[in-house]
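Shown next, in C-alpha coordinates, is the structure this report addresses.
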Amino acid sequence: MFETWVTVLISGLAMGAIYALVAGGLNLTWGVMNVVNMAHGVFLMLGAYITFMAWSYWGINPLFTIFLSFPILFALGALINRFLVRRTVGLASMLLTFGIFMVIENLAVVGFGGMYRSVRFFTGSYDVMGIFVSKPRIIAAGIAVAMSLLTYWFLKKTKIGVAIRAISLDRMMAEQCGVNTNQICNITFGIGAAQPAVAGSLMSLIFAFNPMLGRVFLVKAFAIVVLGGMGNFLGALIGGLTIGVVEAVIAFSGNLHLSEAAGFIIIILILLLRPSGIMGTRQ
7 MFETWVTVLI
17 SGLAMGAIYA
27 LVAGGLNLTW
37 GVMNVVNMAH
47 GVFLMLGAYI
57 TFMAWSYWGI
67 NPLFTIFLSF
77 PILFALGALI
87 NRFLVRRTVG
97 LASMLLTFGI
107 FMVIENLAVV
117 GFGGMYRSVR
127 FFTGSYDVMG
137 IFVSKPRIIA
147 AGIAVAMSLL
157 TYWFLKKTKI
167 GVAIRAISLD
177 RMMAEQCGVN
187 TNQICNITFG
197 IGAAQPAVAG
207 SLMSLIFAFN
217 PMLGRVFLVK
227 AFAIVVLGGM
237 GNFLGALIGG
247 LTIGVVEAVI
257 AFSGNLHLSE
267 AAGFIIIILI
277 LLLRPSGIMG
287 TRQ
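Going by this note's numbering, 98 is the number at position 92 of the sequence shown; the sequence numbering is gapless.
This is how it looks when you write it as C-alpha coordinates:
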(Lines of atoms letter the chains of each structure in order from A and count residues from 1; the text may use other names and numbers.)
(Lines give C-alpha, C1' and ligand atoms only; values in the text may rest on other atoms or scores of the structure.)
Protein backbone atom coordinates (compact mmCIF):
# COMPACT_ATOMS: atom_id res chain seq x y z
CA MET A 1 0.00 0.00 0.00
CA PHE A 2 2.88 2.33 0.85
CA GLU A 3 4.42 1.82 -2.59
CA THR A 4 1.08 2.60 -4.22
CA TRP A 5 0.71 5.92 -2.42
CA VAL A 6 4.31 6.88 -3.23
CA THR A 7 3.57 6.13 -6.89
CA VAL A 8 0.47 8.34 -6.74
CA LEU A 9 2.45 11.14 -5.07
CA ILE A 10 5.28 11.01 -7.62
CA SER A 11 2.79 10.93 -10.49
CA GLY A 12 1.03 13.97 -9.04
CA LEU A 13 4.29 15.87 -8.56
CA ALA A 14 5.33 15.07 -12.13
CA MET A 15 2.08 16.45 -13.53
CA GLY A 16 2.33 19.39 -11.15
CA ALA A 17 5.71 20.33 -12.62
CA ILE A 18 4.13 20.46 -16.08
CA TYR A 19 1.17 22.43 -14.75
CA ALA A 20 3.59 24.95 -13.24
CA LEU A 21 5.18 25.45 -16.65
CA VAL A 22 1.73 25.99 -18.19
CA ALA A 23 0.89 28.58 -15.54
CA GLY A 24 4.25 30.32 -15.83
CA GLY A 25 3.34 31.96 -19.12
CA LEU A 26 -0.02 33.14 -17.79
CA ASN A 27 1.74 34.47 -14.70
CA LEU A 28 4.00 36.57 -16.91
CA THR A 29 1.30 38.16 -19.06
CA TRP A 30 -1.03 38.68 -16.12
CA GLY A 31 1.56 39.82 -13.60
CA VAL A 32 3.69 41.97 -15.93
CA MET A 33 1.23 43.29 -18.52
CA ASN A 34 -2.00 43.03 -16.50
CA VAL A 35 -3.52 41.09 -19.41
CA VAL A 36 -5.83 38.18 -18.61
CA ASN A 37 -4.85 36.05 -21.60
CA MET A 38 -7.84 33.86 -22.44
CA ALA A 39 -5.95 32.52 -25.48
CA HIS A 40 -3.40 30.84 -23.22
CA GLY A 41 -4.89 27.38 -23.65
CA VAL A 42 -4.70 27.31 -27.44
CA PHE A 43 -0.95 27.97 -27.33
CA LEU A 44 -0.64 24.72 -25.37
CA MET A 45 -2.82 22.93 -27.91
CA LEU A 46 -0.72 24.23 -30.80
CA GLY A 47 2.45 23.00 -29.10
CA ALA A 48 0.95 19.51 -28.87
CA TYR A 49 0.05 19.52 -32.57
CA ILE A 50 3.49 20.80 -33.59
CA THR A 51 5.04 17.83 -31.78
CA PHE A 52 2.54 15.39 -33.28
CA MET A 53 3.11 16.64 -36.84
CA ALA A 54 6.90 16.80 -36.54
CA TRP A 55 7.01 13.28 -35.12
CA SER A 56 4.41 11.59 -37.34
CA TYR A 57 5.28 13.27 -40.66
CA TRP A 58 9.01 13.95 -40.39
CA GLY A 59 10.11 11.42 -37.78
CA ILE A 60 11.64 14.01 -35.45
CA ASN A 61 12.26 12.85 -31.89
CA PRO A 62 9.38 14.37 -29.85
CA LEU A 63 11.80 15.76 -27.27
CA PHE A 64 13.54 17.80 -29.96
CA THR A 65 10.25 19.30 -31.13
CA ILE A 66 10.30 21.74 -28.22
CA PHE A 67 12.95 23.57 -30.26
CA LEU A 68 10.20 24.05 -32.85
CA SER A 69 7.22 24.79 -30.63
CA PHE A 70 9.04 27.39 -28.52
CA PRO A 71 10.24 29.73 -31.31
CA ILE A 72 7.08 29.29 -33.41
CA LEU A 73 4.73 30.18 -30.55
CA PHE A 74 7.10 32.89 -29.28
CA ALA A 75 6.87 34.59 -32.67
CA LEU A 76 3.10 34.13 -32.81
CA GLY A 77 2.66 35.53 -29.30
CA ALA A 78 4.87 38.54 -30.00
CA LEU A 79 2.94 39.30 -33.20
CA ILE A 80 -0.43 38.94 -31.45
CA ASN A 81 0.66 41.43 -28.82
CA ARG A 82 2.24 43.80 -31.35
CA PHE A 83 -0.77 44.09 -33.62
CA LEU A 84 -3.74 43.21 -31.40
CA VAL A 85 -3.39 43.02 -27.62
CA ARG A 86 -1.27 46.16 -27.25
CA ARG A 87 -4.11 48.26 -28.63
CA THR A 88 -6.52 47.21 -25.87
CA VAL A 89 -6.68 47.44 -22.08
CA GLY A 90 -8.59 45.79 -19.27
CA LEU A 91 -11.77 43.97 -20.17
CA ALA A 92 -11.24 44.68 -23.88
CA SER A 93 -7.96 42.72 -23.88
CA MET A 94 -9.62 39.78 -22.13
CA LEU A 95 -12.45 39.72 -24.68
CA LEU A 96 -9.95 40.07 -27.52
CA THR A 97 -7.84 37.14 -26.34
CA PHE A 98 -11.01 35.08 -25.87
CA GLY A 99 -11.86 35.81 -29.50
CA ILE A 100 -8.35 34.72 -30.52
CA PHE A 101 -8.90 31.53 -28.52
CA MET A 102 -12.11 30.74 -30.39
CA VAL A 103 -10.66 31.53 -33.82
CA ILE A 104 -7.52 29.41 -33.37
CA GLU A 105 -9.42 26.53 -31.78
CA ASN A 106 -11.96 26.40 -34.60
CA LEU A 107 -9.23 26.64 -37.23
CA ALA A 108 -7.55 23.68 -35.52
CA VAL A 109 -10.81 21.71 -35.68
CA VAL A 110 -11.06 22.47 -39.41
CA GLY A 111 -7.42 21.64 -40.05
CA PHE A 112 -6.88 18.63 -37.79
CA GLY A 113 -10.40 17.32 -37.22
CA GLY A 114 -11.93 16.50 -33.86
CA MET A 115 -10.36 13.05 -33.45
CA TYR A 116 -7.87 12.37 -30.69
CA ARG A 117 -4.17 12.16 -31.50
CA SER A 118 -1.29 10.82 -29.45
CA VAL A 119 2.49 10.59 -29.56
CA ARG A 120 3.40 7.08 -28.43
CA PHE A 121 7.17 7.46 -28.31
CA PHE A 122 7.95 6.68 -24.68
CA THR A 123 6.04 3.80 -23.10
CA GLY A 124 6.18 1.73 -19.96
CA SER A 125 7.33 2.73 -16.51
CA TYR A 126 10.35 2.76 -14.24
CA ASP A 127 10.33 0.24 -11.39
CA VAL A 128 12.28 1.40 -8.34
CA MET A 129 11.85 -0.97 -5.38
CA GLY A 130 8.24 -1.69 -6.26
CA ILE A 131 7.39 1.92 -7.04
CA PHE A 132 6.21 2.27 -10.63
CA VAL A 133 6.49 5.65 -12.33
CA SER A 134 5.40 6.40 -15.89
CA LYS A 135 8.38 7.05 -18.17
CA PRO A 136 6.62 9.77 -20.23
CA ARG A 137 5.58 11.65 -17.08
CA ILE A 138 9.03 11.60 -15.50
CA ILE A 139 10.77 12.66 -18.72
CA ALA A 140 8.22 15.41 -19.37
CA ALA A 141 8.39 16.61 -15.77
CA GLY A 142 12.19 16.81 -15.88
CA ILE A 143 12.10 18.96 -19.00
CA ALA A 144 9.32 21.12 -17.52
CA VAL A 145 11.37 21.77 -14.37
CA ALA A 146 14.44 22.63 -16.47
CA MET A 147 12.37 25.01 -18.60
CA SER A 148 10.90 26.72 -15.52
CA LEU A 149 14.34 27.14 -13.95
CA LEU A 150 15.71 28.52 -17.22
CA THR A 151 12.89 31.07 -17.33
CA TYR A 152 13.59 32.03 -13.71
CA TRP A 153 17.28 32.53 -14.50
CA PHE A 154 16.35 34.59 -17.58
CA LEU A 155 14.13 36.91 -15.54
CA LYS A 156 16.70 37.32 -12.77
CA LYS A 157 20.03 37.49 -14.62
CA THR A 158 19.50 39.04 -18.06
CA LYS A 159 18.90 42.65 -19.07
CA ILE A 160 15.62 41.78 -20.75
CA GLY A 161 14.53 39.86 -17.66
CA VAL A 162 15.34 42.84 -15.43
CA ALA A 163 13.37 45.08 -17.79
CA ILE A 164 10.39 42.70 -17.62
CA ARG A 165 10.47 42.79 -13.82
CA ALA A 166 10.84 46.57 -13.84
CA ILE A 167 7.69 46.93 -15.96
CA SER A 168 5.80 44.63 -13.60
CA LEU A 169 6.68 46.93 -10.70
CA ASP A 170 6.13 50.34 -12.33
CA ARG A 171 5.67 50.70 -16.07
CA MET A 172 5.87 54.51 -16.12
CA MET A 173 9.08 54.55 -14.10
CA ALA A 174 10.57 51.89 -16.39
CA GLU A 175 9.78 54.06 -19.42
CA GLN A 176 11.44 57.06 -17.77
CA CYS A 177 14.54 54.93 -17.19
CA GLY A 178 14.77 54.24 -20.92
CA VAL A 179 13.08 50.83 -21.16
CA ASN A 180 11.34 50.24 -24.48
CA THR A 181 8.16 48.99 -22.84
CA ASN A 182 6.37 48.11 -26.08
CA GLN A 183 9.22 45.89 -27.23
CA ILE A 184 9.61 44.28 -23.81
CA CYS A 185 5.87 43.57 -23.66
CA ASN A 186 6.09 41.89 -27.08
CA ILE A 187 8.86 39.67 -25.70
CA THR A 188 6.88 39.00 -22.52
CA PHE A 189 3.78 37.95 -24.44
CA GLY A 190 5.97 35.82 -26.70
CA ILE A 191 7.44 33.97 -23.72
CA GLY A 192 3.95 33.70 -22.26
CA ALA A 193 2.84 31.89 -25.43
CA ALA A 194 5.98 29.77 -25.82
CA GLN A 195 5.94 28.30 -22.30
CA PRO A 196 2.53 26.61 -22.62
CA ALA A 197 3.52 25.50 -26.13
CA VAL A 198 6.46 23.59 -24.67
CA ALA A 199 4.15 22.18 -22.01
CA GLY A 200 1.78 21.10 -24.78
CA SER A 201 4.62 19.34 -26.57
CA LEU A 202 5.40 17.48 -23.34
CA MET A 203 1.76 16.64 -22.64
CA SER A 204 1.40 15.08 -26.07
CA LEU A 205 3.74 12.36 -24.79
CA ILE A 206 1.33 11.57 -21.94
CA PHE A 207 -2.23 12.23 -23.11
CA ALA A 208 -4.29 11.75 -26.22
CA PHE A 209 -5.49 15.19 -27.31
CA ASN A 210 -7.72 17.04 -29.74
CA PRO A 211 -8.26 20.75 -30.51
CA MET A 212 -10.24 21.17 -27.27
CA LEU A 213 -7.15 20.42 -25.16
CA GLY A 214 -6.57 24.07 -24.30
CA ARG A 215 -9.88 24.55 -22.51
CA VAL A 216 -9.13 22.22 -19.61
CA PHE A 217 -5.62 23.49 -19.04
CA LEU A 218 -6.63 27.14 -19.25
CA VAL A 219 -8.73 26.57 -16.13
CA LYS A 220 -5.86 24.74 -14.43
CA ALA A 221 -3.48 27.60 -15.26
CA PHE A 222 -5.84 30.17 -13.73
CA ALA A 223 -6.25 27.98 -10.64
CA ILE A 224 -2.47 27.75 -10.21
CA VAL A 225 -1.94 31.50 -10.61
CA VAL A 226 -4.75 32.27 -8.16
CA LEU A 227 -3.43 29.67 -5.70
CA GLY A 228 0.21 30.74 -5.86
CA GLY A 229 -0.25 34.50 -6.20
CA MET A 230 -0.19 36.61 -9.34
CA GLY A 231 3.29 37.30 -10.71
CA ASN A 232 5.03 35.02 -8.20
CA PHE A 233 7.34 32.37 -9.69
CA LEU A 234 7.63 30.29 -6.52
CA GLY A 235 3.88 30.58 -6.03
CA ALA A 236 3.23 29.16 -9.50
CA LEU A 237 5.54 26.23 -8.75
CA ILE A 238 3.85 25.51 -5.43
CA GLY A 239 0.42 25.94 -6.99
CA GLY A 240 1.22 23.59 -9.85
CA LEU A 241 2.60 20.88 -7.59
CA THR A 242 -0.34 21.23 -5.20
CA ILE A 243 -2.97 20.84 -7.91
CA GLY A 244 -1.05 17.96 -9.49
CA VAL A 245 -0.95 16.04 -6.20
CA VAL A 246 -4.58 16.84 -5.30
CA GLU A 247 -5.76 15.60 -8.70
CA ALA A 248 -3.69 12.43 -8.45
CA VAL A 249 -5.00 11.59 -4.98
CA ILE A 250 -8.63 12.25 -5.93
CA ALA A 251 -8.28 10.25 -9.14
CA PHE A 252 -6.72 7.35 -7.22
CA SER A 253 -9.71 7.38 -4.87
CA GLY A 254 -11.85 6.58 -7.91
CA ASN A 255 -13.58 9.93 -8.51
CA LEU A 256 -12.25 11.07 -11.88
CA HIS A 257 -14.92 13.74 -12.37
CA LEU A 258 -14.11 15.36 -9.02
CA SER A 259 -10.44 15.25 -9.96
CA GLU A 260 -11.13 17.35 -13.06
CA ALA A 261 -13.12 19.81 -10.93
CA ALA A 262 -10.26 20.28 -8.46
CA GLY A 263 -9.08 23.44 -10.22
CA PHE A 264 -12.47 25.11 -9.90
CA ILE A 265 -12.78 24.13 -6.25
CA ILE A 266 -9.33 25.50 -5.42
CA ILE A 267 -10.06 28.81 -7.18
CA ILE A 268 -13.23 29.26 -5.10
CA LEU A 269 -11.54 28.38 -1.80
CA ILE A 270 -8.51 30.62 -2.37
CA LEU A 271 -10.64 33.58 -3.45
CA LEU A 272 -12.68 33.17 -0.26
CA LEU A 273 -9.83 32.54 2.17
CA ARG A 274 -6.80 34.34 0.72
CA PRO A 275 -7.47 36.34 -2.47
CA SER A 276 -3.80 37.30 -2.83
CA GLY A 277 -2.74 33.64 -3.07
CA ILE A 278 -0.32 31.60 -0.98
CA MET A 279 2.77 33.60 -1.97
CA GLY A 280 1.01 36.77 -3.11
CA THR A 281 1.30 40.13 -1.39
CA ARG A 282 -1.80 41.68 0.08
CA GLN A 283 -2.65 44.95 -1.65
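Here a beta-carbon is modelled for each residue, glycine too, at the ideal position from N, C-alpha and C.
In the DSSP assignment, Phe138 falls within the unbroken beta strand (DSSP E) covering Ile137 to Ser140. Under the DSSP assignment, Tyr25 falls in the alpha helix (DSSP H) whose first and last residues are Phe8 to Met39. Going by C-alpha positions, Phe138 is about 11 Å away from Trp11. Straight-line measurement puts the Cα of Tyr63 at about 44 Å from the Cα of Ile276. Three or more Cβ pairs closer than 8 Å define a contact, and the segment 27-42 meets that threshold against the segment 192-208.
Taking all protein chains shown into account, Met209 has 16 or more neighbouring C-beta atoms within 10 Å of its C-beta and is therefore buried. Using a Cβ distance threshold of 7 Å, Val225 and Gly18 do not count as a contacting pair. Boundaries of the alpha helix (DSSP H) around Tyr55: His46 to Trp64.
Runs of the alpha helix (DSSP H) lying entirely within the segment 209-260 and spanning at least 4 residues, in chain order: 219-234 and 239-258.
DSSP places Tyr158 in the helix class (H, G or I) of the three-state scheme.
DSSP, read as helix, strand or coil, puts Val125 in coil. Bridge partners of Val134 according to DSSP: Ile137. In the structure shown, Cys183 falls within a coil segment according to DSSP collapsed to helix, strand and coil.
With contact defined as three or more Cβ pairs closer than 8 Å, the segment 254-265 and the segment 46-53 are not in contact. Under the three-state reduction of DSSP output, Pro68 falls in the helix class.
Ala254 and Ala23 have their alpha carbons spaced roughly 13 Å apart.
For Ala147, the closest of Thr13, Ala20, Leu211 and Ala26 by C-alpha to C-alpha distance is Ala20. In this chain, the alpha helix (DSSP H) harbouring Arg171 covers Lys165 to Leu175. Annotation for Gly105: the continuous alpha helix (DSSP H) segment containing it runs Leu97 to Phe118. Counting of Cβ neighbours within 10 angstroms places Thr129 among the exposed residues, the total staying below 16.
Counting only residues of its own chain and dropping the five nearest sequence neighbours on each side, Arg88 has a CB closer than 6 Å to the CB of Asn192. At least 7 Å separates the beta-carbon of Ile110 from that of Ser207. With respect to the C-alpha of Tyr25, the residue from Phe58, Val231, Ala60 and Phe160 having the closest C-alpha is Val231.
Sorting Gly96, Ser124, Gly184 and Asn238 by C-alpha distance to the C-alpha of Ser154 places Asn238 at the top. For Val151, the CB contacts under 7 Å within the same chain, skipping 5 residues up- and downstream, are Ala23 in chain order.
Cβ contact annotation for Val185 (same chain, cutoff 7 Å, sequence separation greater than five): Ala169, Ala172 and Ile173, in chain order. Residue environment: Trp61 is assigned as buried (16 or more neighbouring CB atoms within 10 Å of its CB, all protein chains considered).
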